[in-house]
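*Asks:* Each residue of the sequence shown is one higher than the one before, counting from 774 in my numbering. My questions all concern the structure below.
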Amino acid sequence: MKPLDPPHVIEDDPRATELLRLWAANGKLTVAMNVGCWHEQGHDEARAWGVVAADFAKHVARALSQRYGESQADVIEEFRAAFLAELNDWTSDVSGE
Numbered sequence: 774m775k776p777l778d779p780p781h782v783i784e785d786d787p788r789a790t791e792l793l794r795l796w797a798a799n800g801k802l803t804v805a806m807n808v809g810c811w812h813e814q815g816h817d818e819a820r821a822w823g824v825v826a827a828d829f830a831k832h833v834a835r836a837l838s839q840r841y842g843e844s845q846a847d848v849i850e851e852f853r854a855a856f857l858a859e860l861n862d863w864t865s866d867v868s869g870e
């Protein structure tokens, strides 16, 4: 197992909340999610997770740009295309917690 260290910035925020853990294991993605964390704060849960997915895409684009010199806009466009293709035609089943 190769866990990542939490970002140091969360140490200064007593309200920091872990939203999800995402693992590649046995040839699949395995996810543990903090479902309900948005609803408990009075937010639309599905919309909030959509914003999280979009923010995650921006983090991926920034990281790939820094590491490989790719355009963030190009990465976002590729991410969007792959995201929508997977939602429209699932290549793997979803199961678990």
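Ideal placement from N, C-alpha and C gives every residue a C-beta, glycine not left out. Note that the structure is predicted; figures quoted are calculated from it, not measured.
By alpha-carbon positions, which one of PHE829, TRP796, ARG835, THR790 ends up nearest to GLU813?
*Replies:* The count along the sequence shown starts at 1 and reaches residue 813 at position 40. Of the listed residues, the one whose Cα sits closest to GLU813 is THR790.
*Asks:* Which partner residues of VAL804 appear in the DSSP bridge assignment?
*Replies:* Residue numbering aside, residue 804 sits at position 31 when the sequence shown is read from its first letter. Looking at the DSSP assignment, VAL804 forms a beta bridge with LEU795.
*Asks:* Measure the C-alpha to C-alpha separation of LYS775 and VAL804 and round it to an integer number of angstroms.
*Replies:* Residue 775 sits at position 2 when you count from the first residue of the sequence shown. Residue 804 sits at position 31 when you count from the first residue of the sequence shown. About 15 Å.
*Asks:* Which residues in the same chain have their Cβ closer than 7 Å to the Cβ of CYS810, if we skip the five residues on either side of it in sequence?
*Replies:* On the sequence shown, residue 810 is found 37 positions in, with the first residue counted as 1. These residues qualify, in order along the chain: THR790, LEU792.
*Asks:* Given this structure, state the Cα-to-Cα distance separating LEU722 from ASP862, to the nearest angstrom.
*Replies:* The chain is shown from 774 up to 870; residue 722 falls before or after that span and cannot be answered.
*Asks:* To which residues of the same chain is SER865 closer than 8 Å at the C-beta, ignoring the five residues directly before and after it?
*Replies:* Here the question's residue 865 lines up with position 92 in the sequence shown. Here the set comprises LYS801, LEU802.
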